[in-house]
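Asks:
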Amino acid sequence: MFVPVRLKLSGIPTHREERGMEKPKLRTDIQVTPYQDAENVGVLIQDALIEGRTMMLSDGAVLLMSFMDGTRTIRDIQSEIMRQTGQLVNSEEIEQFVQLLDNHYLLDNANYRQRLRTLAAEYKRLEARPPLMADAGYPADPQQLRAFLDDVFAQSENSHLDGRLPEKLSGIVAPHIDIPRGQNTYAKVYGALRKYDPAQTYIVLGVNHQYPTQNPFIATDRAYQTPLGKLPVDTGLLHQLNQRLDWDILEGEIAHRGEHSIEFPALFLRYLYPEAEMKIVPILSNYYDKTDERVERFIRALREIIAGREDIVLISSVDFSHIGPQFGWQREVTPADIASTEREDRLTIAFLEKNDPDGFYADIMKDQNRRNIDALGATYVFQRVLDKPGVLIQYEQAFDPLNTVTFTGLIF
79 MFVPVRLKLS GIPTHREERG MEKPKLRTDI QVTPYQDAEN VGVLIQDALI EGRTMMLSDG
139 AVLLMSFMDG TRTIRDIQSE IMRQTGQLVN SEEIEQFVQL LDNHYLLDNA NYRQRLRTLA
199 AEYKRLEARP PLMADAGYPA DPQQLRAFLD DVFAQSENSH LDGRLPEKLS GIVAPHIDIP
259 RGQNTYAKVY GALRKYDPAQ TYIVLGVNHQ YPTQNPFIAT DRAYQTPLGK LPVDTGLLHQ
319 LNQRLDWDIL EGEIAHRGEH SIEFPALFLR YLYPEAEMKI VPILSNYYDK TDERVERFIR
379 ALREIIAGRE DIVLISSVDF SHIGPQFGWQ REVTPADIAS TEREDRLTIA FLEKNDPDGF
439 YADIMKDQNR RNIDALGATY VFQRVLDKPG VLIQYEQAFD PLNTVTFTGL IF
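Going left to right, the sequence shown walks through residues 79 to 490 as my numbering numbers them.
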């Protein structure tokens, strides 16, 4: 029997027309990940933006959701399933599955957009963005968290780099992968910061993994809360930046609510400098074409603002290659893939070491970013603004046959 979901569906009311569900369309900004264990085969649906939790669906859901592109009615979907599988699925069963997705705001329709507006208004009323990954990616208890990070940073011996590190720190490229997998690189790149006094302001460029927007960058003026204390935003600098742009960089700032790529730098900075009165400017970068005039305007604006300032440090919080079935491959990652990806990654990183951001961008895009490098947007802007070569601290790969992620650390 065709069972798209392992949840009880009976008794769920349907309001297809009122909610824009006559031709259901799945949101494109959610993560759909293949999943398999000893008892289950299916997919995990992850939506950090709205619900912040994961839902497991059976493998039959994959086929069903593939037809939800906004052009097919329930009857059309039923016919497609019959054509591809030879199986007649009751239209009520499909309706109930669509209703389930709608109840979790996973469809691109009026229900989802209203929920997004509500959450955006709630976010704007907050003094600080709550930590998303506390208790999920690291301990929420401050004492346990300090002990956890003490263990991580015990690996941060960088004495062999003393002669290569710049006298004055201008910026770092660091991962945003989960701390257990990235702890060695985290320890080495953030550990190197101990050589330097804290800056007055850290401009942190992260990655917008999910929020749908046409703007190339999204900032927030909400402080970043961590279990070790919060980092306030340098609202004066942010205001200066926004005045120089032709779009409102705060538009869509709710994207920060469900995005972890700036949360980790905020956590590490608060850990390293517990008493410092430092501030941050959190900015998420989208995937963009570098010929977009708004990108050039943003780069010029940041350059003008930080010119002559010795108390500002930039952070590009990014990962590199993402390979395997979770990222669109039709097969698992092999040792040969690992070796070839490292060779390609190191060639890409070399452009950052010799201060060639255009070469960095061109090298990634020569095959339309086949390696799924999310560092592209944030790190291109980062080096264009700094205009300095980087010192490679570490390169690593977190291997998994289904989803391998690579990452690096550089000091500028």
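No residue lacks a Cβ here, since even glycine has one placed at the ideal position from N, Cα and C.
Since we're looking at a predicted model, the values are computed, not measured.
Report yes if the CB atom of H254 is closer than 8 Å to the CB atom of S395, and no otherwise.
Replies: As a working mapping, residue 254 is identified with position 176 in the sequence shown. As a working mapping, residue 395 is identified with position 317 in the sequence shown. Contact flag set, yes.
Asks: Measuring only the C-alpha atoms, how far is N481 from R259?
Replies: Against the sequence shown, residue 481 aligns to sequence position 403. Against the sequence shown, residue 259 aligns to sequence position 181. Roughly 13 Å separates the two Cα atoms.
Asks: Rounded to the nearest angstrom, how far is the Cβ of T457 from that of V251, given a contact under 8 Å?
Replies: The residue given as residue 457 occupies position 379 in the sequence shown. The residue given as residue 251 occupies position 173 in the sequence shown. Contact holds; Cβ gap of about 6 Å.
Asks: Following the continuous alpha helix (DSSP H) through K202, name the residue where it begins and the one where it ends.
Replies: Here residue 202 corresponds to residue number 124 of the sequence shown, with the count starting at 1. Element bounds for K202: A188 to K202.
Asks: Below 8 Å on the Cβ atoms is my contact criterion, and I expect V469 with R242 to pass it. Report the Cβ-Cβ distance as a whole number of Å.
Replies: As a position in the sequence shown, residue 469 is number 391, starting the count at 1. As a position in the sequence shown, residue 242 is number 164, starting the count at 1. The pair is a contact, with the Cβ atoms about 5 Å apart (cut-off 8 Å).
Asks: Sorted by chain position, which residues of the same chain lie with C-beta nearer than 8 Å to G148's C-beta, five sequence neighbours on each side aside?
Replies: Counting from one through the sequence shown, the residue named residue 148 turns up at place 70. For G148, where only same-chain residues beyond five positions count, the Cβ hits under 8 Å are K101, P102, K103 and D186.
Asks: What span of residues does the beta strand (DSSP E) with P112 cover, start to end?
Replies: Residue 112 sits at position 34 when you count from the first residue of the sequence shown. Unbroken beta strand (DSSP E) run through P112: Q109 to Q114.
Asks: Are the Cβ atoms of P65 and I489 separated by less than 8 Å?
Replies: Residue 65 is absent from the structure shown; the chain starts at 79 and stops at 490.
Asks: Which of the three DSSP states is assigned to T106 in this structure?
Replies: For the purposes of this step, residue 106 is identified with residue 28 of the sequence shown, where counting begins at 1. T106: coil per DSSP, three-state reduction.
Asks: Use the C-beta contact count for I332: other C-beta atoms within 10 angstroms, 16 or more gives buried, fewer gives exposed.
Replies: Working through the sequence shown from its first residue, we reach residue 332 at position 254. Classification of I332: buried, given that the 10 Å Cβ count is 16 or more.
Asks: What ranges does the alpha helix (DSSP H) occupy inside the stretch 259-321, keeping only unbroken runs of at least 4 residues that lie completely in it?
Replies: Runs found: 313-321.
Asks: Can you find the residues in the same chain that come closer than 8 Å, C-beta to C-beta, to M79, ignoring five residues on each side of it along the sequence?
Replies: Counted from its first residue, the sequence shown places residue 79 at position 1. The predicted model places M79 with a pLDDT of 31, which falls under 50 and marks its position as unreliable; any figure quoted below should be read in that light. Taken in chain order, the list of residues that qualify is empty.
Asks: Per the DSSP calculation, F485 is bridged to which residue(s)?
Replies: Numbered from its first residue, the sequence shown carries residue 485 at position 407. Looking at the DSSP assignment, F485 forms a beta bridge with E474.
Asks: Within its chain, find whatever has a CB closer than 6 Å to the CB of A453; leave out the 5 residues flanking it on each side and keep chain order.
Replies: The residue given as residue 453 occupies position 375 in the sequence shown. Here the set comprises V396 and F398.
Asks: Would you mind reading off the limits of the beta strand (DSSP E) that contains V121?
Replies: As a first step, residue 121 is located in the sequence shown; it is residue number 43 there, counting from the start. Where V121 is concerned, the enclosing beta strand (DSSP E) stretches over V119 to D125.
Asks: Would you mind working out which of T369, L362 and D229 sits nearest K266, comparing C-alpha positions?
Replies: Here residue 266 is taken as the residue at index 188 of the sequence shown, counted from 1. For K266, the nearest C-alpha among the options comes from D229.
Asks: In chain order, which alpha helix (DSSP H) runs of at least 4 residues are fully inside the stretch 333-393?
Replies: If we require 4 residues or more, the alpha helix (DSSP H) runs fully inside the stretch 333-393 come out as 341-350 and 371-384.
Asks: Per DSSP, what kind of secondary structure is S144 in: helix, strand or coil?
Replies: As a working note, residue 144 is residue 66 in the sequence shown. Correct three-state label for S144: helix.
Asks: Count the C-beta pairs between the stretch 344-351 and the stretch 296-311 that are closer than 8 Å, then say yes if the count reaches three, no if not.
Replies: Yes, they touch.
Asks: In chain order, what residues of the same chain lie with their CB nearer than 7 Å to the CB of M211, ignoring the 5 residues before and after it?
Replies: Within the sequence shown, residue 211 is the residue found at index 133, counting from 1. Hits under 7 Å: H338 and E341.
Asks: Would L464 and G249 qualify as a contact pair, given that the criterion is a beta-carbon distance under 8 Å?
Replies: Mapped onto the sequence shown, residue 464 falls at position 386. Mapped onto the sequence shown, residue 249 falls at position 171. Contact flag set, yes.
Asks: Nearest-angstrom Cα distance between Q318 and I383?
Replies: For the purposes of this step, residue 318 is taken as the residue at position 240 of the sequence shown. For the purposes of this step, residue 383 is taken as the residue at position 305 of the sequence shown. Near 7 Å, if we compare the C-alpha coordinates of I383 and Q318.
Asks: Which residue from M146, D240, Q192 and Q124 puts its Cα closest to that of E173?
Replies: Here residue 173 is taken as the residue at index 95 of the sequence shown, counted from 1. Residue M146 is the option with its Cα nearest to E173.
Asks: Strictly by DSSP, which residues pair up with V469?
Replies: Stepping through the sequence shown from its first residue, residue 469 is reached at position 391. V469 pairs with I489.
Asks: Distance, Cα to Cα, D256 vs G215?
Replies: Position 178 of the sequence shown, counted from the start, is the residue given in the question as residue 256. Position 137 of the sequence shown, counted from the start, is the residue given in the question as residue 215. Approximately 6 Å between the Cα atoms of the pair.
Asks: Counting Cβ pairs closer than 8 Å, one from the stretch 314-330 and one from the stretch 105-122, do we hit at least three?
Replies: These segments do not touch.
Asks: Below 8 Å on the Cβ atoms is my guess for L350 versus R272; work out the distance and round it to an integer in Å.
Replies: Taking the first residue of the sequence shown as 1, we reach residue 350 at position 272. Taking the first residue of the sequence shown as 1, we reach residue 272 at position 194. Rounded, the Cβ-Cβ distance is 7 Å, consistent with contact.
Asks: Going by the DSSP bridge assignment, what does R207 pair with across the sheet?
Replies: For the purposes of this step, residue 207 is taken as residue 129 along the sequence shown, with counting starting at 1. Per DSSP, Y302.
Asks: Here's the rule: buried if 16 or more other CB atoms are within 10 angstroms of the residue's CB, otherwise exposed. What is Q192?
Replies: As a first step, residue 192 must be located in the sequence shown, where it is residue number 114. Under this definition Q192 is an exposed residue.
Asks: Could you give the DSSP three-state label for L135: helix, strand or coil?
Replies: Counting from 1 along the sequence shown, the entry for residue 135 is found at position 57. Three-state result, L135: strand.
Asks: Of the choices N320, E171, Y201 and F460, whose alpha-carbon is the least far from that of I393?
Replies: Within the sequence shown, the letter at position 315 stands for residue 393. The option with the nearest alpha carbon to I393 is F460.
Asks: Rounded to the nearest angstrom, what separates D240 and K246 at their Cα positions?
Replies: By 1-based counting over the sequence shown, the position of residue 240 is 162. By 1-based counting over the sequence shown, the position of residue 246 is 168. Roughly 13 Å separates the two Cα atoms.
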